[in-house]
Amino acid sequence: MKRRTFVGAVGGSAVAGVAGCLTREGGENDDQGNGTGDQGNGTDEIDPEPETPDLEGELQVATYETMVDGEGAAGPWLKEAFEAEYPDAELTWTVPNNAINDYIDRERQNADIDADVYLGTNVDDLVRIDDTLDDGGLLRELNVDRIDNAERIRDGLDMGDPHGRVLPYDTGYICLVYDETVVDEPETLDDLTEPAYEDALLAQNAQSSDSGQAFLLWTIDAYGEDGYLDYWRALDENGVRVLDSWDESYTSAYMNEERPMVVSYSTDQVFANEYDYDMSRHQVAFPNDQGYANPEGMGIFEGASELDLAYEFLNFALSSEAQAVIAQRNVQFPAVAEEHVDLDEEFDQYAHVPPEAVTIGYDELRGNLDGWVEDWAREFAGR
Amino acid sequence: MSRPRESDRFVRLRKRSAGARRWLERHALALTAVATAGVLAVMLYLPVGVVFVNAAFDDGGATLAFFREVLTDPFYVGALADVFAEPLAVRSHLESLVGWLAAISISVSLEYPIPGVSLPIPWPSLEVPAVRKGLFGFTAYQAVLSTIASVALGLPAASVLANYEFRGRRTLRSLTILPFVLPGIMVAVGFYAMFGQAGTLNQLLGVAGLGPYPFIEWNPLAIVIVAHAFYNAPLVARVTVAAWESVDVRSVETARSLGASPRRAFRDVVVPQLLPAVLTGALLTFIFTFMTFPIVLALGGLQLATVEVWIYDRVRQLAYSEAATLAVLETILSLGLTYAYLRYESAQSGLARAAAAPSRKPLFPDLRTALSPRRLAIVGYGLITLVVFVGPMASLVVGSVTDGGGFTLRHYAFLLERQLEGADYQTLPWVAIRNSLVFGVATLAVAVPMGVVVSVVTVRAGRGGTIVDTLAMLPLAVSGVVFGIGLLQGLVFGISLPGGWRFQVTGAVAIVAAHAVAAYPFVTRNVSPLLSNLDPAMVESARALGASRYRALRDVELPLVASGVVAGAAFAFAISIGEFSSTVILASGSQTYTMPVAVERYLGRRSGPAIAMGTVLLVVTAASFVVVDRVGGRFER
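In order, the protein sequence lines correspond to chains A and B. FYI, the numbering for the first sequence is 0 to 382, going by numbering that gives the first Met the number 0. FYI, the numbering for the second sequence is 0 to 636, going by numbering that gives the first Met the number 0.
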C-alpha cells in the first residue's frame, strides 16, 4: 500500500503471518501534533507564505468517486493540467469509502492521514468534524492570502466556517425535476401537498443522500424547526415516496417513469441535452422561486506534508480554466464570478440558477443537524 | 562425496519426507482447525469486537445504559418497550395483553382481490388492533414474509431440478445461484425495469390490452418481498437440491416394496431427509432478510426501513455506541435462532445411508404426459420464474444496450475506452474481472477446508458442538455495516501495539480472508446435515483399521457428502464474487477492486456504464458457475 504507511515495516513477522501486517508508528508524521498546537495559541500567522515554496513532490488529493471515475470526469483533466503547470509535482487521487468520515475516524484513532487536500466537503461535513473532533479540527485554517484566486469567488458562496478551513470550488442547486406532460410546474412547496401532486413526488432519504438532506434543510428553512415535520406529514399524506439515494430515486425510479417528479439538481437539462433525452420529462421547477444551494468546498489537512503544493492546488482549482472544466465535467456551477470563467453556450442555456438560493449555514446546522435528520427519519420509518 | 553415501541420504530423506507426510496426515485436521481459528480471530472476532466494545463501554467504564436506551424506546421495540422498561410489572403487562386480545374481531366483507376486475369475493377479515411493531418488529415481520416467499418459490425449483431430466438441466442448476451475486443497486434497477410503470411486464400486459399497473407503488412491501425471494429462493433451491440428490433411493424402494404409496413413501422417507436442508435455507433466508439493507430502501423507501438501515445511519453519524448496541441485539437474535435450529439439526442425525442418487424422469417425454396436471403445474411455475427471475436480469441486459429509448453500444464503448485509456487510479474493467475470478478461486480454496473442518469438529460433539457451531455462524449473524466498520478501524487503520508497533491487514490477502470468513458458513451448513446423517460406525471402522482421522474424512466421509461440499463450494465462490461491503473497504486505494465494486464506482449521473459493467458481471459469473459446477460434478457421484 502506501509508502508512508509502511515505513519501517519489518518482514517476516511470524505473529501476523501476512507480510506487512506490523508497521512501526511515528516517523515523518510527527509534526502533525505540533500543527494543532500552534493553532491553539493563535499568536503566529497561519501558514505564512514561504520565500521559496517547495513545489516538488507527491500531492495526495482525496475526493469522491465521480470526480475521478465518472464518464468524462474532471479528475483526470485536473491531474494532467496541474502536473503540466508544476512539472516537479505529482498529483495522486485517492477516494475514501465513506468520504470525510474516514478521515474523522482516522483522526479519532490516531491513524495516519496520507492525504494533503480534501476536495468535496459540504458545510455539514464541517459540522460533523466539529461535533466529533475538537472544534476547528482535521482541516487547517487557510491563509487565504496565499490563494490569489480566492478573491474571485462569487458573493454568497461563503461556506460560513468560523475556522476558515474551506473554500468553495463549485456549487449545485437542489430543485424539482418534473415531467410536464403529467404535472404542472409547482409554484410553491405548499403546492406539493395539494391533490394535484398526489403520489407524484420522489424524494431521497436525508440520512444517506446529499440531495435528500438538502431538500430536508430547504423545508426546514421554509417552515422552521417547529413546522417542518408538519409539512412532511402533509407530504406523506399526499403520497411522497422517500427512496434511499439520488441514484435509486432518479436512475431507477424516475427514469423508469414511476413518478412524474423528483428532487434533483438544477443542471439536469445539461444531461438531458447531452444524451438526447426527451426534454419534456426534464423540466426544472423552483418552488417558492428558490433552490437549495449546496456549495462544495476544498481544504487542506492539518497534517499535510506537501503544504506549499496544497496551497498551489487550491489556487489552481479556482483558476479560470479549471473552473470551466470542473463546472462542465462535474455539471455544477462554478464558484468564481461570471467574468472569471468562460462556459459553453449550451451549459449556460441548460443549467438553471434559482431566483433565490437558500442554504442553512454552519452556525444553525451546528448541534442541530443530526437531531433534525433523525426526528424526520423516525417520522417515516418503523411503522 | 561418493555415490553410496548420496543414495543413503536420499533414502533417509525419503523416509523423513514420508514421516513428515504421515505426521501431516495425522495432524491435518488439527492444523486446519488451528488455521481456521486464526483466520476467524483476525478477520472476524477482532473487527467485530472492536465495534461491539462501543456498546458496552462508555468512557472506559462498562455500562448497560445503551441497551436500556434502545430496549425502552418504542421506536425500536414497539409495544415491548413497556415490558423492558418495567420487567417486573407482570400484572399490568398481562392486563394490556388481555385487553388487546379482547379487541380482536372477525368480520366478513366483500373484496375485489384482482385489481381492475370487478369480481366480488367474500373475504373474512381479521380485525386486530394495531400493535406498534417498532423497528425490530417490522424487520422481523418482513423477514418472515420474505422467508415464506423464498421457500415457496425455491422448493418447486428444487423438486424439478432433482426429479426431472431435461435438456440444459445441469446448466440451469448451475445458474440458479446467479441472482445471489448481483449488487443491490442492480437488482433495484432490474426490478424497476421489469415491474415499473413503463417496465417490461406492463408492456407485455399492454399487448393483451391490460394495464399499465403501478406494481411497485401498489404495495412496496410486496415488491421488496419478491426482491428478497429473487435473492434467496435460489439459495433455498440450491441447498435443497443438494440434499435431494443425496437421498438414498434404496430406502424409498424399501418403503414402496413394503406397500407404501408413492405419496406415503415421499412423506415418510424423503421429507425427513429434506427437512434439515429446507430449514437451513429458510434460516439463512431469514437471517439475510433480517439484515437486509439496500434493497428495502431502493424499492420500498424509508417507510420500510429495517434495523440495519438504522445501524448504517448511526455509523454515518459516527454514533458508534448506538450502532453497536443495535448490532449486538440483531446478532443475539440471529444467533439465538441459529442455535435453536442447530439443536434441531443435530437431533435429526443417526440414519445410516450411503447415497444412491434417485433417478430422474424425463420432463416432457411425450405430449400426453406433458398435459398431465403435474407437468402443467411445472409449466406454470416456469412462467412465474420467468417473470420473477429472468425478467429483472433480462431487463438489465436490455438496459445495458439502450439509452433514452434507442439501441446503443455507448455503455460498452465506455468500458472498452476505460480499459484501453484509463489511468491507474481509475477503475479498469479487466482488472475488476481478473480480481473477482482470482479472489473467487482463492476463497473457494480457503473456505471449503474451513467449512468442512467446522462441520467435522462440531457434528459429533453434542451440545458443546452446537454452541461452537452457533458461534461459527457469526459471520452471517453480524451486521454487514458493523463488520465493515470493524474491518476499517481494526485492520485498515490498524491497532496500536505496545512498543510503537501497529497491526494492519489490507490488500488481496485480507480480501480473500474476509471473503472466506463470509463464505465458510455456507459450506458448513451444506455439509453438516449430510455429515451428521452418516453412520458413525463407518468412520469408526476406518479408524480401527488404522486410518488417520484425516484419511477417514477424505476417503470415507467426504465422498458420501460430496453433493453438500460442491453446493457449499459454489456458494463460497458466489459469496466472493458478490461480496461488496468489506471488499470496498479493504480495496480502498489499491488495485484490488472487484466487479461489484466497479459497478458501484461507475454509477454516476447516468446508470448506463454501471449497468453495462453489471451485465459483464452477470456473464462472467454465469460462465464461471457452469465451470464450477461441471468441475465440482466430477466429485459427486
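Where is the CB? At the ideal position from N, CA and C, for every residue including glycine.
Residues sharing a beta bridge with residue i, DSSP
{"i": "A/Tyr310", "result": "DSSP, once it has assigned bridges, lists no residue as partnering A/Tyr310."}
{"i": "A/Val335", "result": "A/Ile152"}
{"i": "B/Arg501", "result": "A/Thr22 and B/Ser495"}
{"i": "B/Pro361", "result": "B/Glu164"}
{"i": "B/Leu39", "result": "According to DSSP, B/Leu39 bridges with nothing at all."}
{"i": "A/Ala88", "result": "A/Gly56"}
{"i": "A/Thr93", "result": "A/Ala61"}
Where the alpha helix (DSSP H) through residue i begins and ends
{"i": "B/Gly133", "result": "Gly133 to Asn162"}
{"i": "B/Val564", "result": "Ala561 to Gly577"}
{"i": "B/Pro46", "result": "Leu45 to Ala55"}
{"i": "B/Pro640", "result": "Because chain B is modelled from 0 through 636, residue 640 of chain B falls outside the range shown and cannot be assessed."}
{"i": "A/Gln212", "result": "Asp209 to Glu236"}
{"i": "B/Thr614", "result": "Gly607 to Gly632"}
{"i": "B/Thr705", "result": "The structure shown does not extend to residue 705 of chain B, since chain B spans only 0 to 636, so no value can be given for it."}
{"i": "B/Arg67", "result": "Ala64 to Leu70"}
Beta-carbon proximity list for residue i, same chain, < 6 Å, skipping 5 on both sides
{"i": "B/Val598", "result": "Pro182, Ala609, Met612 and Gly613"}
{"i": "B/Phe65", "result": "Ala54, Ser320 and Thr324"}
{"i": "B/Ser124", "result": "Ser106 and Ser108"}
{"i": "B/Val452", "result": "Thr31, Ala32 and Thr35"}
{"i": "A/Tyr425", "result": "Since the displayed chain A opens at 0 and closes at 382, residue 425 of chain A lies outside it and no answer follows."}
Distance CB(residue i)-CB(residue j) smaller than 7 Å
{"i": "A/Glu373", "j": "A/Ser279", "result": "no"}
{"i": "B/Ile224", "j": "B/Ser145", "result": "yes"}
{"i": "A/Val283", "j": "A/Ser265", "result": "yes"}
{"i": "B/Asn525", "j": "B/Ala566", "result": "yes"}
{"i": "B/Thr175", "j": "B/Ala236", "result": "yes"}
{"i": "A/Ser251", "j": "B/Val188", "result": "yes"}
{"i": "B/Ala512", "j": "B/Val38", "result": "yes"}
{"i": "B/Ala78", "j": "B/Thr324", "result": "no"}
{"i": "A/Asp275", "j": "B/Gly136", "result": "no"}
{"i": "A/Trp217", "j": "A/Tyr291", "result": "yes"}
{"i": "A/Val340", "j": "A/Ala323", "result": "yes"}
{"i": "B/Val270", "j": "B/Val251", "result": "no"}
{"i": "A/His281", "j": "A/Gln268", "result": "yes"}
{"i": "B/Leu303", "j": "B/Val314", "result": "no"}
{"i": "A/Val48", "j": "B/Gly195", "result": "Sequence check: residue 48 of chain A is Glu here, not Val. Contact: no."}
{"i": "A/Thr187", "j": "A/Asn237", "result": "no"}
{"i": "A/Leu58", "j": "A/Gly298", "result": "no"}
{"i": "B/Gly632", "j": "A/Val241", "result": "no"}
{"i": "A/Ala61", "j": "A/Pro95", "result": "yes"}
{"i": "A/Leu90", "j": "A/Glu106", "result": "no"}
Extent of the continuous beta strand (DSSP E) to which residue i belongs
{"i": "A/Glu57", "result": "Gly56 to Ala61"}
{"i": "A/Tyr291", "result": "Gln289 to Ile299"}
{"i": "A/Gly171", "result": "Val165 to Tyr177"}
{"i": "B/Leu332", "result": "Unbroken run through B/Leu332 is the alpha helix (DSSP H), Tyr319 to Ala346; no beta strand (DSSP E)."}
{"i": "A/Gln203", "result": "Leu200 to Gln203"}
Own chain partners of residue i with C-beta closer than 8 Å, once the 5 adjacent residues on each side are dropped
{"i": "A/Arg232", "result": "Glu378"}
{"i": "A/Asp147", "result": "Asn314"}
{"i": "B/Glu344", "result": "Pro275, Leu278, Thr279, Ser527, Pro528 and Ser531"}
{"i": "A/Trp76", "result": "Val324 and Arg328"}
Close beta carbons around residue i, own chain, < 7 Å, minus the five adjacent residues each side
{"i": "A/Gln206", "result": "Val372 and Ala376"}
{"i": "B/Ala515", "result": "Val38, Thr442, Val445, Ala446 and Met449"}
Short-range partners of chain A found in the stretch 402–421 of chain B, where Cβ spacing is below 7 Å: Asp402, Gly403 and Phe413
Determine which residues of the stretch 224–242 of chain A have a Cβ less than 8 Å from any Cβ of chain B, and write them out in chain order. Contact residues of the stretch 224–242 of chain A toward chain B are Arg240, Val241 and Leu242 (C-beta to C-beta distance below 8 Å).
Closer than 9 Å, Cβ to Cβ, to anything on chain A: give me those residues from the stretch 366–384 of chain B, in chain order. Correct list: empty, as no residue qualifies.
Residues of the stretch 183–210 of chain B with a CB closer than 7 Å to any CB of chain A: list them in chain order, please. Listed by position along the chain: Ile184, Ala187, Val188, Tyr191, Ala192, Gly195, Gln196, Ala197 and Gly198.
Could you run through the stretch 131–148 of chain B and flag, in chain order, every residue whose CB is less than 7 Å away from some CB of chain A? Gly133, Leu134 and Phe137
Along the stretch 152–184 of chain A, where does the CB come closer than 7 Å to a CB of chain B? Name the residues. none
Identify each residue in the stretch 220–231 of chain B for which the Cβ-Cβ distance to at least one residue of chain A is less than 8 Å, and report them in chain order. none
Closer than 7 Å between beta carbons: that is the criterion. Which residues of the stretch 581–599 of chain B meet it against chain A? So the close ones are Val583, Ile584, Ser587, Gly588 and Ser589.
Within 7 Å of chain A by C-beta, residues of the stretch 422–454 of chain B in sequence order: For the stretch 422–454 of chain B, which is checked against every Cβ of chain A, the residues closer than 7 Å are Ala422, Tyr424, Gln425 and Thr426.
Quick one, which residues of the stretch 270–298 of chain A are near chain B if we go by CB-CB under 8 Å, in chain order? Phe270, Tyr274, Asp275, Tyr276 and Asp277
For the stretch 88–122 of chain A, which residues have a CB atom closer than 9 Å to at least one CB atom of chain B, in sequence order? Thr91, Trp92, Thr93, Val94, Pro95, Asn96, Asn97, Asn100, Asp101, Ile103, Asp104, Arg105, Arg107, Gln108, Asn109, Ala110, Asp111 and Asp113
Looking at chain B, which residues of the stretch 58–85 of chain A have a Cβ within less than 7 Å of any of its Cβ atoms? Going along the stretch 58–85 of chain A in chain order, one finds Glu64, Thr65, Val67, Asp68, Gly69, Glu70 and Pro75 with a Cβ nearer than 7 Å to chain B.
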